[in-house]
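Counting from 2, one number per residue, gives the positions in the sequence shown under the numbering used here.
Each remark here refers to the structure printed beneath this line.
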Amino acid sequence: MEEKISYLALSYNFKPPHKKVLTLYKKYKSFSKVFQLLEKEFKIKLDWEKEYLKLKNLGGEIILINEKVFPQELKFRQTFILGIFILGEKNLNKFKEKIAIVGTRKPTKIGEKTAKNFSYILTQNGLCLVSGLAYGIDLAAHLGSIEAGKENIAVIGCGFDFILKDPRKKYLEKIIEVGGSIISEYPLKTPPLNYHFPLRNRIIAGLSKLVIIIETPEKSGALITANFALEYGKDVYVLPGSIYEKNYLGNLKLIQEGAFLLISPEEILEVFGIRKNKKFVELKKEEEKIYQMIKEKPKSIEELIKESGLEVSQILKIITSLEIKNLIFVKEGKYYSNENYNY
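Here it is as structure tokens:
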């Protein structure tokens with residue numbers, strides 16, 4: 002515990018990744034020793050044991066680089082990460098195949114839907130999502146994984162005190178409910194400062210075997226994540242988009258520079274040697290009813306309402322769920338059964 006408390010104090014006073022802490026730890030292999038050497042330079046002085054217990058009371062922990070449960074993917078030199086703060090599942094090494102899905106905070110509706118759909122399919126088939134819990138594409142990806150009931154990892158750029166006061170707290174709780182994790186490089190009281198997020202992105206890239214860019218303009222944090230991935234020798238997969246849509250200009254630039262063009266989640270499953278599980282979808286009674294109606298013959302929302310006897314709000318909710326599960330698609334105002342799905 003002494004090592005963790007020492008690391009906590011160092012994290013408050015020397016924002017990671019800090020060269021001085023890195024250099025001293027490399028020499029002494031002890032955070033307690035580094036604490037002793039640098040304590041006189043501390044500008045922030047708290048009851049460190051009390052602060053650590055506060056983290057524990059939230060269900061959190063500090064995972065240090067010398068522990069077996071420290072993520073193996075973050076141990077390589079370029080990330081310069083000595084410890085992480087974590088809520089939820091503490092052993093990220095349990096999640097063998099991790100993939101990142103990222104994009105703009107201001108996506109189009111189709112971009113959000115695509116992120117959720119890709120995440121749902123990929124996590125249902127055994128991959129673990131890593132993203133940043135930012136509004137937009139990141140959050141949509143987390144929601145897809147949550148909808149699938151599968152573990153996912155959110156990497157945030159602030160301390161837990163701030164995210165637990167944010168409206169996204171409800172999503173954080175759902176991530177933990179499905180067996181996932183929330184991780185940060187920053188201690189509890191650290192605010193979400195702008196410069197934290199590029200640093201956060203290196204963790205997303207570092208944890209993941211590959212990065213998927215759903216939708217990003219020419220200037221976006223998603224491009225930073227992509228660049229970190231390339232620096233680390235990871236592959237970057239990018240969805241194409243219109244040259245007239247500014248939200249896809251970053252995508253097109255990455256494709257020009259040699260990123261892999263991606264048009265379906267099945268391509269990612271093939272990378273990992275996974276055959277898509279076509280029997281994984283469990284439908285509720287009303288979802289089953291609507292899906293069978295659409296399988297029999299393409300129908301508009303008006304036809305579904307009339308023939309099913311359900312309320313408009315119920316139909317819209319079911320349609321959204323079936324789209325997320327990749328069972329149906331819309332064309333010219335009518336819903337069709339997905340031809341690639343064998344029910």
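Note that the Cβ used here is the ideal one computed from N, Cα and C, for glycine as well.
Euclidean distance between Cα positions of residue i and residue j
i	j	result
K114	I325	7 Å
T80	L23	11 Å
G259	N228	12 Å
K110	E333	17 Å
A10	G180	29 Å
G158	S209	17 Å
R203	L224	11 Å
K95	K166	29 Å
K247	T124	29 Å
S322	L270	22 Å
T191	F198	13 Å
F43	L25	16 Å
P168	K28	42 Å
R106	S132	12 Å
L200	E232	14 Å
N1	P193	Nothing about residue 1 can be reported from this structure: the residues present for the chain run from 2 to 344 only.
K290	A142	27 Å
I1	E178	Only positions 2 to 344 of the chain appear in this structure, which leaves residue 1 out of reach.
G222	G310	46 Å
K151	E40	42 Å
N153	F15	29 Å
Alpha helix (DSSP H) segment containing residue i, residue limits
i	result
Y13	E3 to N14
K296	K286 to E297
Y429	This structure cannot settle anything about residue 429, because the visible part of the chain is limited to 2 through 344.
L323	V313 to I325
Nearest candidate by alpha-carbon position, reference residue i, set the options
i	options	result
K335	M294, P17 and Y53	M294
F119	L130, S314 and I320	L130
V156	I147, E90, S185 and F163	S185
Y196	K69, P17 and S12	P17
S265	F273, I122 and I302	I122
Y13	Q257, Y187, V35 and K99	Y187
Chain-order list of residues whose beta-carbon lies under 7 Å from that of residue i (same chain, five-residue window excluded)
i	result
N252	I214, E216, T217, V239, L240, P241 and G242
E219	L250, G251 and K254
W49	I6, L9 and A10
Own chain partners of residue i with C-beta closer than 8 Å, once the 5 adjacent residues on each side are dropped
i	result
Y337	I295, P299, I329, F330 and V331
L144	K117, S120 and Y172
F161	L56, L59, G61, F86, L88, I183, S185 and L189
Residue interval of the beta strand (DSSP E) (run including residue i)
i	result
L211	L211 to I214
I85	G84 to G89
F330	I329 to K332
Beta-carbon proximity list for residue i, same chain, < 6 Å, skipping 5 on both sides
i	result
K280	Low per-residue confidence applies at K280: pLDDT is 47, beneath 50, and the placement is therefore not dependable, though the value from the model is reported in the following sentence. If we look at K280 and ignore the five residues flanking it on each side, it has no Cβ neighbours.
F346	Residue 346 lies beyond the residue range present for the chain, which begins at 2 and ends at 344; the question has no answer from this structure.
P108	G137, I138 and E216
A230	A206, V212 and V237
Inset, instruction - Please list the segments of the beta strand (DSSP E) lying wholly inside the segment 198-242, counting only runs of 3 or more residues, in order along the chain. - result: Qualifying beta strand (DSSP E) stretches, in chain order: 211-214 and 236-239.
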